[in-house]
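As structure tokens, the structure follows; a few thoughts come after it.
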Amino acid sequence: MFTLSEKEVEKIAAQLLKGMICFYQLDNKKIHHLPDDEDYFNYDLTPEEEDILDEIDDNPDNFAEFTKMEPSQEHQMMENFADRIVKERNFQDELFNALSKPKAATAFKFLIDSSGKYKDRWSEYRLQKYKDWVKEQIDSFNYSEE
402 MFTLSEKEVE KIAAQLLKGM ICFYQLDNKK IHHLPDDEDY FNYDLTPEEE
452 DILDEIDDNP DNFAEFTKME PSQEHQMMEN FADRIVKERN FQDELFNALS
502 KPKAATAFKF LIDSSGKYKD RWSEYRLQKY KDWVKEQIDS FNYSEE
């Protein structure tokens, strides 16, 4: 059964939050991260990154892949934060208003970053949700292996 330490889960979550895609190499227990194609479509891979991709292509069963949340999941996470963590009604309304418009994530981040009070709480909340997301991916990887 595939398991990761809390430190490894946090490392993968942090990389996903930076827009990376992660691969855990099962045989030597090593985490590799590469730019996610969708975010870095004009990014040139380094020779080391190309070697890792070749290795993954040659032996996909030796790697567990971790991807970021879908936009709808990210949106739900922002709504949950606004609903459960933000206590000021006016600010909560501003956040929900921002989330109902185009470019919701950008507007939400702008409001959170300029709030001062909620900036660190959002970072912690988001990291925790991403750690949970990584654990869900581990569970589904284990499930598919059975």
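Heads up: the sequence shown begins at 402 in this note's numbering, then just goes up one per residue. Beta carbons: idealized from backbone N, C-alpha and C, even for Gly.
query                                                                                           : result
Whole-angstrom distance between Leu-528 and Asn-491, CA atom to CA atom                         : 25 Å
Leu-512 - containing alpha helix (DSSP H), residue span                                         : 505-516
Residue nearest to Leu-500 in terms of C-alpha spacing, selected from Trp-534, Ser-545, Gln-474 : Gln-474
Identified DSSP bridge partners for Leu-435                                                     : Ile-422
Collapsed DSSP secondary structure at Glu-489 in the structure displayed                        : coil
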